[in-house]
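Keeping their order, the protein sequence lines are chains A and B. Using the numbering used here, the letters of the first sequence map in sequence onto residues 23 to 277. Using the numbering used here, the letters of the second sequence map in sequence onto residues 23 to 277. Backbone N, C-alpha and C define an ideal beta-carbon position, used for all residues, glycine too. Working notes for the structure below.
Number of protein chains: 2
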Amino acid sequence: MQDSPTQTTLQSTIEEAIVSGILSARIRPGTRLSENQLAGLFDVSRTRVREAMMRLESRCIVHVSPRRGWFVVEPSAEEAMMVYGARRAIESGLLRGMRVLSDAGRAAIRDHLAEEKAEMTAGNRQRLTCLMGDFHIRIAELAENPVLTEILRDLTARTILISMLYQSDFHALQSHLGHCRIAEAMEDGNFERAAELSIEHLDEVEMGLDLTRRPDPLSELRNSLSLPPKAFPSPSGGTLIQTDPIYKPFKTKGK
Amino acid sequence: MQDSPTQTTLQSTIEEAIVSGILSARIRPGTRLSENQLAGLFDVSRTRVREAMMRLESRCIVHVSPRRGWFVVEPSAEEAMMVYGARRAIESGLLRGMRVLSDAGRAAIRDHLAEEKAEMTAGNRQRLTCLMGDFHIRIAELAENPVLTEILRDLTARTILISMLYQSDFHALQSHLGHCRIAEAMEDGNFERAAELSIEHLDEVEMGLDLTRRPDPLSELRNSLSLPPKAFPSPSGGTLIQTDPIYKPFKTKGK
DNA sequence: CTGTTCTCTCTTGTATGCAAGACAGCCCGA
DNA sequence: TCGGGCTGTCTTGCATACAAGAGAGAACAG
C-alpha cells in the first residue's frame with residue numbers, strides 16, 4: 023500500500039531551496055518570502071508556492087503575517103531556549119543510546135572536523151555557521167534513524183536562525199573544540215561521556231547568545247535603507263532570495 | 023515582529039480534527055481522506071483541505087497517492103522501528119535532563135495513572151490506546167518545553183497508528199505497569215532511573231508488536247465489503263470520518 | 001467462463017480570478 | 001509643522017475551473 027518502504031518525506035523544490043538556504047546561512051531570519059517572487063523564480067503558480075509555505079510553516083521555519091506576507095521566522099528568546107532544551111534532550115539521548123561507531127561513521131566525523139578546522143583558518147563566517155550546524159546533523163545520521171535525523175535537521179535550521187539573531191560574536195573555536203571533545207569520547211566508545219559533553223557543548227553555545235537583545239528591531243528600517251545587516255558582511259551575491267525591503271518603492275503614481 | 027512570543031503552531035481545524043482522531047484511535051491507518059468529503063464536512067473549499075493535508079503530510083501523518091487520494095499513513099515495519107528508536111532517544115533524554123518534579127506535575131501524573139487504572143477495568147480498548155499514548159505526552163509536558171511536546175505529540179500519533187497495525191494483542195496491564203514504574207522513579211527524584219525505565223518500557227512495547235505481519239494487505243478488500251477491521255469492534259458511531267470503501271458504487275449509469 | 005478493451009466517473013494537480021486587508025504616500029486642514 | 005483621512009497598489013486568502021490520470025464496470029471477442 024505504501025509507495026516507498028522508508029517513506030522519506032519528499033520535499034518540493036521550493037521547500038528544499040529555502041531550507042538549504044537557511045542551513046547555509048544565506049537566508050536571514052525575518053526575510054520576506056513573497057509568493058509572487060518565488061512563483062516567478064521557480065516558474066510555477068502561486069498555488070505551489072503556497073503549498074511549500076504551508077509545509078514550512080508546520081515545520082516552524084516560516085511564518086505568515088496575515089495579508090502582509092511570509093517571513094522566515096525570528097525565534098523569540100523564549101523559543102530559542104526551548105529549541106536548545108529540545109536539542110539537549112534529543113542529542114544526548116541519541117548519543118547515550120549509541121552502541122558502536124562504525125568505521126564509516128568514524129571517517130565521516132573525522133572528515134567533518136578536518137573541514138571545520140580548515141574553514142576556521144579561512145574565516146568565512148557564513149560557511150562556518152553552516153558547518154557548525156552540520157556537525158550535529160552528521161551525528162544524527164550516525165544513528166541511522168531518518169526520523170531522528172529529520173527532527174534534528176529542522177531544529178538545526180531553527181538554531182542557525184537563532185544564532186543569526188542573537189550571536190553577538192562568533193566563538194567558532196569554542197564550538198570546534200566542543201565538537202572535538204564529543205568526537206573523541208565517541209571514538210573511545212564512551213557514549214555516555216559523549217552525551218554529557220553534548221549537553222555541555224549546547225549549554226556553552228546557548229550561553230554565548232545574547233538573549234536580552236531584541237531581535238534587531240531595526241531590521242526593517244535597515245533593509246529599507248539597503249544597509250548591510252548588523253554583524254554580517256553583505257553577501258557576495260548569488261543569493262537565491264535577497265532580503266528585499268518589504269515594500270519596494272512604488273512607481274510614483276504611474277497613471 | 024513575531025505575532026506571538028511563544029509561537030505555538032496554530033493548526034487549522036481540519037488538521038486538529040484529524041490528529042485528534044488519530045490520537046484517540048478513532049481513525050485507522052490507511053483511512054482514505056477525500057478532499058471533497060472533508061471540504062463538505064468542514065464547509066470550506068478544497069483549497070483549505072489541501073493546505074491542511076500538506077501540513078499533515080510534512081508531519082508524516084498523511085500521505086498522498088497521486089491522483090488516487092490522501093491516506094492516513096500505514097508505517098512500514100522499518101519505519102515503526104525508527105519511530106520507537108526516536109522515542110527512546112528523546113524521552114530518555116528528556117527524563118534524564120529533568121531536575122525537579124513540580125507538585126502540579128506530580129498531581130498530573132497521578133491523575134493520569136488513576137485514569138489508566140480505571141479505564142483498564144472498563145476494558146475499552148480504543149480509550150486505552152489513547153490513554154497509553156497520552157501518558158508520554160503528559161511526561162513531555164512536564165518538561166514545559168513546547169518544542170519537545172510538539173515533536174512527541176506527532177511521534178505519539180505515529181505510534182498509535184503503528185500499534186493499530188502491528189499490535190496483535192494489547193498488553194494494557196504491562197504498559198500500565200511500565201508507566202507506574204517510571205512515575206515512581208520520578209516521584210523519587212531519580213530521573214536517571216526513570217530514563218532507563220522509559221527505554222525498557224518502549225522496548226517492551228516494541229517487542230509486543232508483530233512486525234513480521236504485513237500491514238493488513240486485505241484492508242482495502244475488507245473495507246470494500248464493509249467488514250469490520252480485524253481485531254477491532256466496529257466503532258459505535260459518531261466517528262468524524264468513516265473508513266469508506268475507496269470507490270463507492272456508482273449510480274448505475276445515471277445520465 | 002475468461003481475458004481485453006473501452007468508456008465513464010471519480011479522484012487529485014494546478015492555474016487563475018476575485019475579494020479583502022495592510023501599508024505608503026498624498027492631500028488637506030489646523 | 002504636524003496629524004488625520006483618502007486613495008492606490010501591493011499583499012495574501014480562498015474559491016473555482018479545468019486538465020489529467022486511475023480505476024470500476026460494461027461490452028465484447030475468444
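{"query": "Sequence-distant residues of its chain with Cβ nearer than 6 angstroms to residue 221/B (five each side left out)", "result": "110, 114"}
{"query": "Sequence-distant residues of its chain with Cβ nearer than 8 angstroms to residue 322/B (five each side left out)", "result": "Because chain B in this structure spans residues 23 to 277, residue 322/B falls outside the shown range and cannot be described."}
{"query": "Rounded separation between residue 45/B and residue 188/A - CA only", "result": "37 angstroms"}
{"query": "With 16 other Cβ atoms within 10 Å as the buried cut-off, status of residue 122/B", "result": "exposed"}
{"query": "Contact belief for residue 80/A with residue 77/B at Cβ below 8 angstroms, rounded distance in angstroms", "result": "4 angstroms"}
{"query": "Inside the segment 32–105 of chain A only - alpha helix (DSSP H) runs reaching at least 4 residues", "result": "35–45, 57–64, 68–80"}
{"query": "Three-state secondary structure (DSSP) of residue 165/B", "result": "coil"}
{"query": "Contacting positions in the segment 91–112 of chain B - beta carbon closer than 8 angstroms to chain A", "result": "93, 95, 96, 97, 98, 100, 101, 104, 105, 107, 108, 110, 111, 112"}
{"query": "Contacts that residue 77/B makes with chain A (C-beta to C-beta distance below 8 angstroms)", "result": "76, 77, 79, 80"}
{"query": "Beta carbon proximity, residue 73/B to chain A, threshold 8 angstroms", "result": "yes"}
{"query": "Residues of its chain near residue 217/B, where Cβ-Cβ distance is below 7 angstroms and the 5 sequence neighbours each way are ignored", "result": "114, 117, 118"}
{"query": "Contacts that residue 116/B makes with chain A (C-beta to C-beta distance below 8 angstroms)", "result": "111, 115"}
{"query": "CB contact below 8 angstroms: residue 119/A versus chain B", "result": "yes"}
{"query": "Buried or exposed (CB count within 10 angstroms, at least 16 for buried), residue 167/B", "result": "buried"}
{"query": "Start-to-end residues for the alpha helix (DSSP H) that takes in residue 196/B", "result": "194–209"}
{"query": "CB contact check: residue 212/A to chain B, cutoff 8 angstroms", "result": "no"}
{"query": "Reduced DSSP secondary structure (H/G/I, E/B, other) of residue 258/B", "result": "Confidence in residue 258/B is poor, its pLDDT being 36 and thus under 50, which makes the residue's placement unreliable; the coordinate value appears in the next sentence. DSSP places residue 258/B in coil when its eight states are reduced to three."}
{"query": "Nearest to residue 202/A (by Cα), restricted to the options 174/A, 134/A, 170/A, 171/A", "result": "134/A"}
{"query": "Cβ-based burial, residue 178/A [other Cβ within 10 Å; buried from 16]", "result": "buried"}
{"query": "C-beta neighbour in chain B for residue 83/A, strict 8 angstroms", "result": "no"}
{"query": "Inter-residue Cα distance where the pair is residue 55/B and residue 86/A", "result": "26 angstroms"}
{"query": "Cutoff 8 angstroms: residue 173/A Cβ touching any chain B Cβ", "result": "yes"}
{"query": "Runs of alpha helix (DSSP H) wholly within the segment 114–169 of chain B (minimum 4 residues, chain order)", "result": "125–144, 147–164"}
{"query": "Sequence-distant residues of its chain with Cβ nearer than 7 angstroms to residue 151/B (five each side left out)", "result": "47, 182, 185"}
{"query": "Partner residues on chain A for residue 58/B, Cβ-Cβ distance less than 9 angstroms", "result": "The premise fails here: residue 58/B is roughly 18 angstroms from chain A at the closest Cβ pair, so nothing lies under 9 angstroms."}
{"query": "C-alpha gap between residue 129/A and residue 195/B, whole angstroms", "result": "45 angstroms"}
{"query": "Limits of the unbroken alpha helix (DSSP H) element including residue 225/B", "result": "213–229"}
{"query": "Where the segment 144–163 of chain A meets chain B: residues whose CB sits under 7 angstroms from a CB there", "result": "none"}
{"query": "Any chain A beta carbon closer than 8 angstroms to residue 170/B", "result": "yes"}
{"query": "Inter-residue CB distance, residue 49/B and residue 43/B (contact presumed, cutoff 8 angstroms)", "result": "4 angstroms"}
{"query": "Residue 38/B Cβ short of 7 angstroms to the ligand GTP heavy atom set", "result": "For the structure depicted, the ligand GTP is absent and the ligand set is empty, with no information on it obtainable."}
{"query": "Sequence-distant residues of the same chain with beta carbon closer than 7 angstroms to residue 41/B, five excluded per side", "result": "83, 179"}
{"query": "Where residue 199/B falls, given that 16 or more other Cβ within 10 Å makes a residue buried", "result": "exposed"}
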